[in-house]
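**Q** Here's a structure for you.
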Amino acid sequence: MDFLSMIGGATGSLFLTLIAFLVVLTVVVFVHEFGHFWVGRLCGVGVTAFSVGFGPELIGWTDKKGTRWKISAIPLGGYVKFVGDLNAASVPDQDQLDRMPVDQRAISFPHQNVAKRAAIVAAGPIANFILAIAIFAGFNYFNGRAVLEPRIEAVQPGSAAEKAGFQPKDLILTVDGRSIQTFADMQLLVSSSAGEPLAFTVERNGETVALTATPNFVERTSPFGKQRIGLLGVEASRDPSAIKRLTYSPWGALKAAVVETWNLVERTLNFIRRLVMGVESADQLSGPIGIARASGTAFDIGGVYSLVSLIGFMSVSIGLINLFPIPLLDGGHLLFYAIEAVRGRPLSEKAQEIGFRIGFALVAMLMLFATWNDLVHLGTSFMNPGS
113 MDFLSMIGGA TGSLFLTLIA FLVVLTVVVF VHEFGHFWVG RLCGVGVTAF
163 SVGFGPELIG WTDKKGTRWK ISAIPLGGYV KFVGDLNAAS VPDQDQLDRM
213 PVDQRAISFP HQNVAKRAAI VAAGPIANFI LAIAIFAGFN YFNGRAVLEP
263 RIEAVQPGSA AEKAGFQPKD LILTVDGRSI QTFADMQLLV SSSAGEPLAF
313 TVERNGETVA LTATPNFVER TSPFGKQRIG LLGVEASRDP SAIKRLTYSP
363 WGALKAAVVE TWNLVERTLN FIRRLVMGVE SADQLSGPIG IARASGTAFD
413 IGGVYSLVSL IGFMSVSIGL INLFPIPLLD GGHLLFYAIE AVRGRPLSEK
463 AQEIGFRIGF ALVAMLMLFA TWNDLVHLGT SFMNPGS
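Sequential numbering of the sequence shown, starting at 113, is according to the numbering used here.
Rendered as structure tokens:
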């Protein structure tokens, strides 16, 4: 009976994880692709297909303007296919373009000027950022935020903070010149700066004191697996007066959401910089399985609220990744358009084809590597269920 209950519980948990994953990915992908679609329609470009997912069509319908809306079998992305595109990656079909009637050229994506094409491509990532800002702004406005002031209750022995000279009751004012309003603000900067010296200013007994600390590397378990972060070694004040409830006007909620979104972008870029420098480990990269685990964990911990919050975080990540200047991604298209704008003519068809092949190889290798990391993390969690 216990065994059957365990199997039933595992099956139910797996089902909820799958549903949560599909909800997160479908919303993020739909918003991204709808950004392309909406701006494309505004620019007068014809749309032949709008798909959430890749592969064989599961369900679909055709609207009055001839766009085939569909949900496809592989829920790991999506695409908008415009008139004149050879495939879902918006590679132009030169043979089709040469034979295209004049009236079709007017609504063909490749025949639009560079500015229109760039706007259509950029609209996908921008839509993701707008979605994240809208989610964070809604949370800020309707729920407010409970925050801790950045005052230190205790300093852990042997920590980076003790070596730097931090003391209990210090109030952190700035980190590397950036104003610190909450304890979480400080944690955000420290966690992404392991092994790098940070300049702190603190208020101590009415005076301003300058300190330099280098956060230690520590490994923590997150929904995405093992994560290496920086740790200063200080504890937040436990005084009830240190807890403040922030409420926002609509404009204030929006501004705070923009700042939160930018912080996520900055933290991601900082991680990539440190990864290239060899400071961070590539085993922290997560793929579809990691996203699925995070979705299930978020739903288990906080229900719909946490799941919507994860959609916001994932939307920032998807928007940013798509802006990387890698052919096949939106950023690669924008790079080609920038070159075209400078040269006064597009790159040759052969050069673009080579670029897209290289881009495909890079994206495929990254996906395989991230999926391998996910499987390793998943295997580790099975071997060490209590960790």
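No residue lacks a Cβ here, since even glycine has one placed at the ideal position from N, Cα and C.
(1) Would you check if the region 281 to 293 and the region 363 to 373 touch, i.e. whether three or more CB-CB distances between them fall below 8 Å?
(2) What residues are listed by DSSP as bridge partners for G190?
(3) May I ask you to report which of helix, strand or coil DSSP gives I183?
(4) Please name the residue or residues paired with N328 in a DSSP beta bridge.
(5) For the region 237 to 248 and the region 222 to 229, state whether three or more C-beta atom pairs, one from each stretch, are separated by less than 8 Å.
(6) Looking at the secondary structure, which residues open and close the alpha helix (DSSP H) in which I242 lies?
(7) Do G190 and V159 have their beta-carbon atoms positioned less than 8 Å apart in this structure?
(8) Taking C-beta to C-beta, are L300 and N240 nearer than 8 Å?
(9) Please say whether P352 and L326 have beta carbons closer to each other than 8 Å?
(10) Could you pull the DSSP bridge partners for E319 from this structure?
(11) Taking its Cβ as the centre, do 16 or more other Cβ atoms sit within 10 Å of K193, making it buried, or is it exposed?
(12) Hey, quick one: how far does the alpha helix (DSSP H) through T373 stretch, first residue to last?
(13) Residues in the same chain with beta-carbon distance under 6 Å from V302, minus the five sequence neighbours each way, listed in chain order, please.
(14) Determine whether the beta carbon atoms of E274 and Q268 lie at a separation below 8 Å.
(15) Can you list, in chain order, the residues of its chain with a C-beta nearer than 7 Å to that of F358? Leave out the 5 residues immediately preceding and following it.
(16) What runs of the beta strand (DSSP E), each 3 residues or longer, lie entirely inside the region 277 to 312?
(17) Can you give the beta carbon distance from L283 to E315, rounded, assuming they're within the 8 Å contact cut?
(18) Enumerate in chain order the residues of its own chain whose CB-to-CB distance from T138 is below 8 Å, with the five nearest sequence positions on each side excluded.
(19) For the ligand SAM, is there a heavy atom less than 7 Å away from the beta-carbon of V233?
(20) Thinking C-alpha only, which one of P439, A453, A161 and I264 is nearest I466?
(21) Return the CA-CA distance between I238 and G431, expressed in angstroms with no decimal places.
(22) Going by alpha carbons, who is nearest to G156 out of I232, M298, V346 and D442?
(23) Let me know the secondary structure DSSP gives T359 once reduced to three states.
(24) Is it the case that the Cβ atoms of L243 and V370 are separated by a distance below 8 Å?
(25) Got a sec, what are the start and stop residues for the alpha helix (DSSP H) V214 sits in?
**A** Reading from the atomic positions:
(1) Below 8 Å, too few C-beta pairs join the region 363 to 373 and the region 281 to 293 to call them touching: fewer than three.
(2) DSSP, once it has assigned bridges, lists V164 as partnering G190.
(3) Of the three classes helix, strand and coil, the one that applies to I183 here is strand, per DSSP.
(4) L343.
(5) By the Cβ test, the region 237 to 248 is not in contact with the region 222 to 229, since fewer than three Cβ pairs between them sit closer than 8 Å.
(6) Per DSSP, I242 belongs to the alpha helix (DSSP H) from V226 to N255.
(7) Not a contact, by the Cβ cut-off of 8 Å.
(8) No.
(9) The amino acid occupying residue 326 in the given sequence is Thr; Leu does not appear at that position. 8 Å or more divides the Cβ of T326 from the Cβ of P352.
(10) According to DSSP, E319 bridges with R316.
(11) Under this definition K193 is a buried residue.
(12) From DSSP, the alpha helix (DSSP H) with T373 extends over P362 to V388.
(13) The beta carbon of V302 sits closer than 6 Å to those of P327, G342 and L344, all from its chain and outside the five residues before and after it, given in chain order.
(14) For the 8 Å CB-CB criterion, E274 and Q268 form a contact.
(15) Looking at the sequence itself, residue 358 is Leu, so the reference to Phe does not match. Short of 7 Å from the beta carbon of L358, and not among the five residues preceding or following it, lie these beta carbons of its own chain, in chain order: G256, R257 and V259.
(16) Counting whole runs of 3 or more residues, the region 277 to 312 contains the beta strand (DSSP E) stretches 283 to 287.
(17) L283 to E315, Cβ: 4 Å. Contact.
(18) Cβ within range, chain order: V164 and P187.
(19) Ligands in the displayed structure: none, and consequently the ligand SAM is not present.
(20) Of P439, A453, A161 and I264, the smallest CA-CA separation from I466 is found for P439.
(21) Each residue's Cα considered, the two are about 7 Å apart.
(22) Comparing Cα positions, the closest option is I232.
(23) Reduced to three states, the DSSP call for T359 is coil.
(24) No, the pair does not count as a contact, with Cβ atoms beyond the cut-off.
(25) First-last of the alpha helix (DSSP H) with V214: V214 to R217.
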